[in-house]
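Residue numbers (UniProt numbering): 1 to 249.
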């Protein structure tokens, strides 16, 4: 992953939602894996592109060990802080690029990767699969993504909101490798939240940087400011589909 992407994720970490125990969306995904035979109890797990630990901190409650791998030091600092608060002692943390480090990682009972650009190409995806002794649990983008504010700012820059690589792509990569999943499923997720005007501008700016070489910050602020209420709060609405898949070794 290039330095620009690393810098973006370091910036995103500043406002990225922190771990919440028993989050319904997180548990829905984990329960899907369990329903189709994945047993996380007493297993060695690697969470590739773990971010600030949305899944890793839940998995640590049952796993024997969880290696958390991510390129963002800021994300991992937040994960470490939450790990200490929760009293978890079976988590280890590694700040590294997956493509540069996977040969030295060893094998794990279960490989876990969720919504991470670390696995957004065929080679990296199959390398992750090869680390698994039992299962590869994959979570990626589905078939659509809607984010009105980001789309409006991108259109003002002459661009469009791009759907990142996800489950539809991963299914093709498996087919190319003559492999097939145990099962997969698409989940719809919709959420609305209120952000301060400054946070809304910063979030949208970061999102746009994922697609643009540069962002006109004044233009971004002008567009987002139109949606601020009298208390300088902005309503953010996001709709997306994500996909989960289980691959057995």
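Note that CB positions come from ideal geometry on N, CA and C, so glycine has one too.
Any beta carbon from chain B within less than 8 Å of residue 122's own beta carbon? The structure shown contains no chain B, having only a single protein chain.
Can you list, in chain order, the residues of its chain whose CB lies under 7 Å from that of residue 209, leaving out five sequence neighbours each side? Hits under 7 Å: 8 and 215.
Closer than 7 Å by C-beta to residue 180: which residues in its own chain qualify, once you throw out the five before and the five after it? Chain order, please. Answer for residue 180: 174, listed in chain order.
Inter-residue spacing [alpha-carbon to alpha-carbon] between residue 126 and residue 143: Straight across, the Cα-Cα distance linking residue 126 with residue 143 is about 21 Å.
What number of angstroms, rounded off, separates the C-alpha of residue 80 from the C-alpha of residue 93? Our two residues, residue 80 and residue 93, have alpha carbons roughly 8 Å apart in a direct line.
What's the C-alpha gap between residue 18 and residue 67? Between the alpha carbons of residue 18 and residue 67 lies a distance of about 19 Å.
Rounded to whole angstroms, what is the Cα-Cα separation between residue 223 and residue 100? Roughly 39 Å separates the two Cα atoms.
Quickly, what does DSSP pair residue 190 with across the bridge? List them, please. Residue pairing by DSSP places residue 190 opposite 239 in a beta bridge.
Sequence-distant residues of its chain with Cβ nearer than 6 Å to residue 195 (five each side left out): Close CB contacts of residue 195 within its chain, under the 6 Å cut and outside five residues either way in sequence, are with 234 and 236 (chain order).
Taking 6 Å as the limit between beta carbons, can you name the residues of its chain near residue 238, skipping five residues before and five after? Closer than 6 Å at Cβ, skipping near neighbours: 147 and 191.
Decide yes or no for the touch test of the stretch 74-90 against the stretch 104-121: beta carbon pairs closer than 8 Å, at least 3 of them. Fewer than three pairs of CB atoms, one per stretch, sit closer than 8 Å, so the stretch 74-90 makes no contact with the stretch 104-121.
Of the choices 26, 14, 102 and 170, whose alpha-carbon is the least far from that of residue 189? In this structure, 26 is the residue among 26, 14, 102 and 170 with its C-alpha nearest to the C-alpha of residue 189.
Going by beta carbon distance, what residues of the same chain come within less than 6 Å of residue 102, once the five residues before and after it are set aside? Only residues of its own chain outside the window of five on either side were considered, and among them 127 have a CB closer than 6 Å to the CB of residue 102, listed in chain order.
Hey, could you find the ends of the beta strand (DSSP E) residue 207 is sitting in? For residue 207, no beta strand (DSSP E) encloses it; the enclosing alpha helix (DSSP H) starts and ends at 197-209.
Through-space distance from residue 211 to residue 138, alpha-carbon basis: Cα-Cα distance, rounded: 24 Å.
Taking the DSSP output, what are the residues bridged to residue 146? DSSP links residue 146 through a beta bridge to 239.
If you check the beta carbons only, do residue 140 and residue 49 fall under 8 Å apart? No, the pair does not count as a contact, with Cβ atoms beyond the cut-off.
Here's the rule: buried if 16 or more other CB atoms are within 10 angstroms of the residue's CB, otherwise exposed. What is residue 162? Its Cβ having fewer than 16 others within 10 Å, residue 162 is exposed.
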